[in-house]
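Trainee: Structure below; questions to follow.
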């Protein structure tokens, strides 16, 4: 959850996929310690890469550069800090909320805001705690027969 980047996730998933594809040729060979570690964790690394791609899409990050698939819902009207909704920019002196939320993930305008880092770190920490506690509760429930 804390590591969410589409670009890094693609690299991780691709390397793990190549190791999975070469599984039959590597099976009986003597591997050095580092290669053996990668070989033993190939499925976990692949899933980590896939989940990193997913969370990177939620965070709208590709190698730490914001992605802008749908266009921001907020636009700055001039050099001041005034912002107006993307569909309501006819009156630049007023601030209007956008008419619709961002379709998937975070609006890329967060990357340029002064509170963006604080917001993202707070979100990631809360999501990490929620998912971690959920995983531990699931493990406890599965341990009972």
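Residue numbers (full-length UniProt numbering): 1 to 145.
Each residue gets a CB set at the ideal place from its N, CA and C atoms; glycine is no exception.
By DSSP, does residue 62 sit in helix, in strand, or in coil?
Mentor: Translated into positions along the chain shown, residue 62 becomes position 62. Here residue 62 sits in strand by DSSP.
Trainee: Which stretch, first to last residue, makes up the alpha helix (DSSP H) that contains residue 124?
Mentor: In the chain shown, the residue the question calls residue 124 occupies position 124. Counting along the chain, the alpha helix (DSSP H) containing residue 124 begins and ends at 116 to 143.
Trainee: Can you check the stretch 21 to 52 for any beta strand (DSSP E) of at least 3 residues that lies completely inside it and give the ranges in chain order?
Mentor: You should have found no qualifying run.
Trainee: Whose C-beta lies closer than 6 Å to the C-beta of residue 79 among residues of the same chain, with five residues either side of it excluded?
Mentor: Position 79 of the chain shown, counted from the first residue, corresponds to residue 79. Here the model assigns residue 79 a pLDDT of 46, short of 50, so the residue's position is not dependable and the matter cannot be decided.
Trainee: Answer yes or no: do residue 107 and residue 63 have a C-beta to C-beta separation smaller than 8 Å?
Mentor: What you label residue 107 is simply residue 107 of the chain shown in a count that begins at 1. What you label residue 63 is simply residue 63 of the chain shown in a count that begins at 1. Not closer than 8 Å, so no.
Trainee: Measure the alpha-carbon distance for residue 65 versus residue 110 and round it to whole angstroms.
Mentor: Locating residue 65 in the chain shown gives position 65, where the first residue counts as 1. Locating residue 110 in the chain shown gives position 110, where the first residue counts as 1. Taking the straight line joining both Cα atoms gives about 12 Å.
Trainee: Taking C-beta to C-beta, are residue 3 and residue 52 nearer than 8 Å?
Mentor: Here residue 3 refers to the residue found at position 3 of the chain shown. Here residue 52 refers to the residue found at position 52 of the chain shown. Going by C-beta atoms, residue 3 is nearer than 8 Å to residue 52.
Trainee: Determine the closest residue to residue 47 out of 125, 131, 14, with distance taken between C-alpha atoms.
Mentor: The residue you call residue 47 lines up with position 47 of the chain shown. Here the closest residue by C-alpha is 14.
Trainee: Quick check: the Cα distance between residue 105 and residue 27, rounded to an integer number of angstroms?
Mentor: Position 105 of the chain shown, counted from the first residue, corresponds to residue 105. Position 27 of the chain shown, counted from the first residue, corresponds to residue 27. Taking the straight line joining both Cα atoms gives about 40 Å.
Trainee: In whole angstroms, give me the CA-to-CA distance for residue 37 and residue 23.
Mentor: Residue numbering aside, residue 37 sits at position 37 when the chain shown is read from its first letter. Residue numbering aside, residue 23 sits at position 23 when the chain shown is read from its first letter. In a straight line, the C-alpha of residue 37 is about 13 Å away from that of residue 23.
Trainee: Give the straight-line distance between the Cα atoms of residue 74 and residue 101, rounded to the nearest whole angstrom.
Mentor: As a first step, residue 74 must be located in the chain shown, where it is residue number 74. As a first step, residue 101 must be located in the chain shown, where it is residue number 101. The alpha-carbon atoms of residue 74 and residue 101 are separated by roughly 10 Å.
Trainee: Compare the C-alpha of residue 99 against each of 129, 29, 39, 72 and name the closest.
Mentor: The residue given as residue 99 occupies position 99 in the chain shown. Minimum Cα distance to residue 99 is reached at 72.
Trainee: Alpha carbon to alpha carbon, how far is residue 34 from residue 9? Give it in angstroms, no decimals.
Mentor: Start at 1 with the first residue of the chain shown, and residue 9 comes out as number 9. Start at 1 with the first residue of the chain shown, and residue 34 comes out as number 34. Cα to Cα, the separation comes out at about 20 Å.
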